[in-house]
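Asker:
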Amino acid sequence: MAAESANATLALPGVEPTVGARRARRRWPVISTSIIAAFVLVALLAPLVSPADPYEQTLRLRFRPPVWDERGSWQHPLGTDRLGRDLLARIVWGSRVSLAAGVITVLLASAFGAAVGLVAGYYGGRVDAFLMRVTDATLSFPVILLALILAVTVGPSFTNVVIAIAVILWARYARVIRGQVLTLMELDFIAQARVAGAGAGRIIMRHLVPNTMNTLVVLVTLQVGYVIILEASLSFLGAGIPPPTPAWGSMIAEGRDFVTSAWWVSFFPGLAILLVVLAFNLLGDWLRDTLDPKLRQL
Amino acid sequence: MIRFAGIRILQSLIALAILSVVVFALARATGDPLHMILPMNATAEDYANARAYLGLDRPYVEQYLSFVGRVVQGDFGTSLRARRPVLELIQERLPNSLRLAVFAMTVSLAMAFPLGVIAAVNKGRAVDRIAQLISVLGQSLPTFWVAIVLVEFVAGRLQWLPAGGISGFASYVLPGFTLGWFVVAGMMRLLRSGMLEVLDSEYVKLARVKGVVEYRVVWLHALKNALIPVVTFAGIYFSILVTTAIVVETVFAWPGLGRLAYDGITSRDFPVIQAVVLVTGVIVAVVNLCVDCLYAVIDPRIRYAR
């Protein structure tokens, strides 16, 4: 046993993964992209694919178990909640909230953060020092607390969730992109571009942006999953999407008090979150390994 | 080194100053505090008197400075709900939160270490993929859902561990695990890539040539150097833990800062929220400062790179 592992590690640097392992590696991105694509389709086509009205209450049919339970029926494949609403329909409609929150927030945050990072890295000096102090301060602000404060003062809503998360999240992009720009600025081609008469705008847009794109794509993919979890946490705490709009986080919260008697109400929305976020994380990991192996920690 | 530490301390102070401005601005943006304090039938004259008494008629800069002055002295005002000084509430809750955070950090290290090392040693094999999957799973599971599932099964049906509150060591296990698993992925990934790099280095090869036993090469020689990047990011993990703790503390009825903030927010207790945000900011800043200095001690190149 000891000898076996010794051999394995001795051969490590040059070791080629087995054929099976390599094939599995190529399968990861396909699986995760399919899961994401499926959820996006379901979200876009919610009115068509939803088996029932997610708002329709049938108090007579409260807490119906999923179809495989002997008391379940195909009428409600995943069962019903406290108000007799169809769980599958609510999960289908809830995917809209989660995906929209994830994608919109990350796009806003990455655009702003990347812009700050590019400017700080390009100009350096005082501009850089100032922008980085603001970035640090932002990073030390707990996201969930800001979102909770906004929810209490302005009222919980989809817009507030997106704003609260984006206002904090940009800092990560600023930090990472600025670091990359600093390294790029040392390289010859930037100096050559400058000698050739390129202005700040041209250097940033034509030379720096394309060279930071890979990092940005990796970070964006990984962050979508994180934001979906954040949004769900906020909805769970009652500071996210207000009821009765179906959102996965608030569905879990609604089922929380009935876990013992009706576990499915909280279980299935959680499973949906797990699937989507896992798909985004696996895709992000794969992208990082493929596009930018040096990015170990994002 | 002293110069480096001095610059970093200054930077942290600036970051905290910006944070305090934001908190102050948010406190003012939430509406006239007098509406909450004065009774419904208060006259315009009452408002004017109260405003002068509380100093709310002075310029914002002056108000901000006196706010900072009070905070520095530990005066966070009085909780509107508990009718007690906020400082007292913080003093009660802070140790519980810190203990939970430290325990969760220990759990995540205890998971990330073996996973990261085993994955690196078996790079590309099934073991590697399983180790990575375990870590990514923790990052992909919503903590509050894990918490609910654990409370229902481990605490409820199996009755192995308490479901909430603090009562001895056993009560740390479930919240600590829930919180800790969430950050395993990042640490494990760092450790894995660090180990891969180090295992390929000359000194590890030398150790092997010298005939050092393989487990000593991996767990002693290599691991020591693969740890450096993990130390750098410890600060980031800690701040993620502190933030996520709000959700976890709520589900487990943990008497910590997160729970205090949540209760404060549901009852619109602004002095409490303000204090929690500031205290959290200070904790995150101090931890990051210590981590940076520690890192500069371990790896002197950092001091000059900045």
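Residue numbers (my numbering), protein chains in the order written: chain A, 1 to 298; chain B, 1001 to 1306. Idealized CB from N, CA, C, for every residue including glycine.
If I'm right that residue 1243 (chain B) touches residue 1257 (chain B) with Cβ under 8 Å, what's the distance once you round it to whole angstroms?
Answerer: Start at 1 with the first residue of the second sequence, and residue 1243 (chain B) comes out as number 243. Start at 1 with the first residue of the second sequence, and residue 1257 (chain B) comes out as number 257. 11 Å between Cβ atoms; not a contact.
Asker: Is residue 1041 (chain B) near the ligand MG, with its Cβ less than 8 Å from a heavy atom?
Answerer: By its list of ligands, the structure shown contains no ligand whatsoever, and the ligand MG lies outside what it can speak to.
Asker: Would you say residue 1119 (chain B) faces chain A, with C-beta separation under 9 Å as the test?
Answerer: Position 119 of the second sequence, counting from 1, holds the residue named residue 1119 (chain B). No, because no Cβ of chain A sits closer than 9 Å to the Cβ of residue 1119 (chain B).
Asker: Report the residue from B:1142, B:1285, B:1229 whose alpha carbon sits nearest the alpha carbon of residue 235 (chain A).
Answerer: Residue 235 (chain A) sits at position 235 when you count from the first residue of the first sequence. Considering only alpha carbons, the answer is B:1142.
Asker: What in chain A is Cβ-close to residue 1139 (chain B), meaning under 7 Å?
Answerer: For the purposes of this step, residue 1139 (chain B) is taken as residue 139 along the second sequence, with counting starting at 1. The contacting residues are 281.
Asker: Within a Cβ cutoff of 8 Å, which residues of the same chain sit near residue 1228 (chain B), ignoring the five residues on either side of it in sequence?
Answerer: Taking the first residue of the second sequence as position 1, residue 1228 (chain B) is located at position 228. Around residue 1228 (chain B): 1194, 1295, 1298, 1299.
Asker: Can you pull the chain A residues whose beta carbon is under 8 Å from the beta carbon of residue 1268 (chain B), in chain order?
Answerer: For this step, residue 1268 (chain B) is matched to residue 268 along the second sequence. Residues of chain A passing the Cβ test: 152.
Asker: Report the residues of the stretch 231 to 246 of chain A with a CB closer than 7 Å to any CB of chain B, ordered along the chain.
Answerer: Here the close residues are 232, 233, 236, 237.
Asker: Would you kindly work out how many angstroms separate the C-alpha atoms of residue 193 (chain A) and residue 177 (chain A), rounded to a whole number?
Answerer: To locate residue 193 (chain A), count along the first sequence from 1; it is residue 193. To locate residue 177 (chain A), count along the first sequence from 1; it is residue 177. Rounded to the nearest angstrom, the two C-alpha atoms are 20 Å apart.
Asker: Hey, is the stretch 195 to 205 of chain A in contact with the stretch 133 to 152 of chain A, meaning 3+ C-beta pairs nearer than 8 Å?
Answerer: The answer is no - the stretch 133 to 152 of chain A does not touch the stretch 195 to 205 of chain A, with fewer than three Cβ pairs under 8 Å.
Asker: With DSSP as the reference, label residue 242 (chain A) as helix, strand or coil.
Answerer: Residue 242 (chain A) sits at position 242 when you count from the first residue of the first sequence. Reduced to three states, the DSSP call for residue 242 (chain A) is coil.
Asker: Give, in chain order, every unbroken run of the alpha helix (DSSP H) that is at least 4 residues long and sits entirely within the stretch 106 to 143 of chain A.
Answerer: DSSP runs (the alpha helix (DSSP H)) wholly in the stretch 106 to 143 of chain A: 125 to 139.
Asker: In this structure, does DSSP put residue 1085 (chain B) in helix, strand or coil?
Answerer: As a first step, residue 1085 (chain B) is located in the second sequence; it is residue number 85 there, counting from the start. Reduced to three states, the DSSP call for residue 1085 (chain B) is strand.
Asker: Threshold first: 4 residues or longer. Then list the alpha helix (DSSP H) segments lying entirely within the stretch 37 to 81 of chain A, N to C.
Answerer: Runs of the alpha helix (DSSP H) inside the stretch 37 to 81 of chain A: 46 to 49.
Asker: Starting from residue 1123 (chain B), trace the alpha helix (DSSP H) both ways and give me its first and last residue.
Answerer: Position 123 of the second sequence holds residue 1123 (chain B). No alpha helix (DSSP H) contains residue 1123 (chain B), which DSSP labels as neither H nor E.
Asker: Using the C-alpha atoms, what's the distance from residue 1048 (chain B) back to residue 283 (chain A)?
Answerer: Translated into the one-based positions of the first sequence, residue 283 (chain A) becomes position 283. Translated into the one-based positions of the second sequence, residue 1048 (chain B) becomes position 48. Computed Cα separation, rounded: 60 Å.
Asker: Please list, in chain order, the residues of the stretch 1144 to 1155 of chain B that have any C-beta partner in chain A closer than 9 Å.
Answerer: Per Cβ criterion, the list reads 1144, 1145, 1146, 1148, 1149, 1151, 1152.
Asker: Tell me where the alpha helix (DSSP H) around residue 1190 (chain B) begins and ends.
Answerer: On the second sequence, residue 1190 (chain B) is found 190 positions in, with the first residue counted as 1. Residue 1190 (chain B) -> alpha helix (DSSP H) spans 1184 to 1199.
Asker: Give the straight-line distance between the Cα atoms of residue 1192 (chain B) and residue 222 (chain A), rounded to the nearest whole angstrom.
Answerer: Numbered from 1 along the second sequence, position 192 holds the residue referred to as residue 1192 (chain B). Numbered from 1 along the first sequence, position 222 holds the residue referred to as residue 222 (chain A). Rounded to whole angstroms, residue 1192 (chain B) to residue 222 (chain A) spans 18 Å at the Cα level.
Asker: Between the Cα of residue 1155 (chain B) and the Cα atoms of B:1175, B:1139, B:1189, B:1206, which residue gives the shortest distance?
Answerer: In the second sequence, the residue the question calls residue 1155 (chain B) occupies position 155. Closest by alpha carbon: B:1175.
Asker: Tell me, please, whether the stretch 1202 to 1216 of chain B touches the stretch 1168 to 1184 of chain B by the rule of three or more beta-carbon pairs shorter than 8 Å.
Answerer: With a cut-off of 8 Å, the stretch 1168 to 1184 of chain B and the stretch 1202 to 1216 of chain B do not count as touching, because too few Cβ pairs lie within range.
Asker: From residue 90 (chain A) to residue 1116 (chain B), what distance separates their C-alpha atoms?
Answerer: In the first sequence, the residue the question calls residue 90 (chain A) occupies position 90. In the second sequence, the residue the question calls residue 1116 (chain B) occupies position 116. If you take the alpha carbons of residue 90 (chain A) and residue 1116 (chain B), they lie about 39 Å apart.
Asker: Along chain A, in chain order, which residues have C-beta atoms closer than 9 Å to that of residue 1026 (chain B)?
Answerer: Along the second sequence, one-based indexing puts residue 1026 (chain B) at 26. By Cβ distance, chain A contributes 146, 149, 150, 153.
Asker: Using a Cβ-Cβ distance under 9 Å, would residue 260 (chain A) count as near chain B?
Answerer: For the purposes of this step, residue 260 (chain A) is identified with residue 260 of the first sequence, where counting begins at 1. True, the Cβ-Cβ gap to chain B drops below 9 Å.
Asker: Is residue 13 (chain A) close to chain B? Criterion is C-beta to C-beta, closer than 9 Å.
Answerer: Here the question's residue 13 (chain A) lines up with position 13 in the first sequence. For residue 13 (chain A), the pLDDT reaches just 41, beneath the cut-off of 50, and the residue's location in the model is therefore unreliable, leaving the point undetermined.
Asker: Return no unless some Cβ of chain A is closer than 9 Å to the Cβ of residue 1189 (chain B).
Answerer: In the second sequence, counting from the first residue as 1, residue 1189 (chain B) sits at position 189. Judged by the 9 Å Cβ criterion, residue 1189 (chain B) is in contact with chain A.
Asker: Closest by CA to residue 244 (chain A), which one among A:57, A:169, A:106, A:39?
Answerer: Position 244 of the first sequence, counted from the start, is the residue given in the question as residue 244 (chain A). Nearest option by C-alpha distance: A:57.
Asker: Could you give the C-beta distance for residue 173 (chain A) and residue 117 (chain A), rounded to a whole number, given that I count them as a contact under 8 Å?
Answerer: Residue numbering aside, residue 173 (chain A) sits at position 173 when the first sequence is read from its first letter. Residue numbering aside, residue 117 (chain A) sits at position 117 when the first sequence is read from its first letter. Rounded, the Cβ-Cβ distance is 6 Å, consistent with contact.
Asker: Helix, strand or coil: which one does DSSP assign to residue 1075 (chain B)?
Answerer: Locating residue 1075 (chain B) in the second sequence gives position 75, counting from the first residue. In this structure, residue 1075 (chain B) counts as coil in the three-state DSSP scheme.
Asker: Can you name, in chain order, every residue of its own chain whose Cβ lies under 6 Å from the Cβ of residue 98 (chain A), other than the five neighbours on each side?
Answerer: For the purposes of this step, residue 98 (chain A) is taken as the residue at position 98 of the first sequence. Cβ within range, chain order: 228, 248.
Asker: Using CA coordinates, which residue listed in B:1025, B:1008, B:1001, B:1172 is at the minimum distance from residue 1270 (chain B)?
Answerer: Translated into the one-based positions of the second sequence, residue 1270 (chain B) becomes position 270. It is B:1025.
Asker: Starting from residue 236 (chain A), follow the alpha helix (DSSP H) in both directions and report where the run begins and ends.
Answerer: Working through the first sequence from its first residue, we reach residue 236 (chain A) at position 236. It spans 209 to 237 - the alpha helix (DSSP H) in which residue 236 (chain A) sits, taken as one unbroken run.
Asker: Taking just the CA atoms, how far does residue 1108 (chain B) sit from residue 211 (chain A)?
Answerer: Here residue 211 (chain A) refers to the residue found at position 211 when the first sequence is read from its first residue. Here residue 1108 (chain B) refers to the residue found at position 108 when the second sequence is read from its first residue. Taking the straight line joining both Cα atoms gives about 34 Å.
Asker: So what does DSSP say about residue 1128 (chain B), is it helix, strand or coil?
Answerer: In the second sequence, residue 1128 (chain B) corresponds to position 128, counting from 1. Helix, per DSSP.
Asker: Are residue 65 (chain A) and residue 84 (chain A) closer than 9 Å when you measure CB to CB?
Answerer: Taking the first sequence and counting its residues from 1, one reaches residue 65 (chain A) at position 65. Taking the first sequence and counting its residues from 1, one reaches residue 84 (chain A) at position 84. No, these two residues do not count as a Cβ contact at 9 Å.
Asker: Excluding sequence positions up to five away, which residues of its chain have a Cβ less than 8 Å from the Cβ of residue 107 (chain A)?
Answerer: Here residue 107 (chain A) refers to the residue found at position 107 when the first sequence is read from its first residue. Contacts found: 220.
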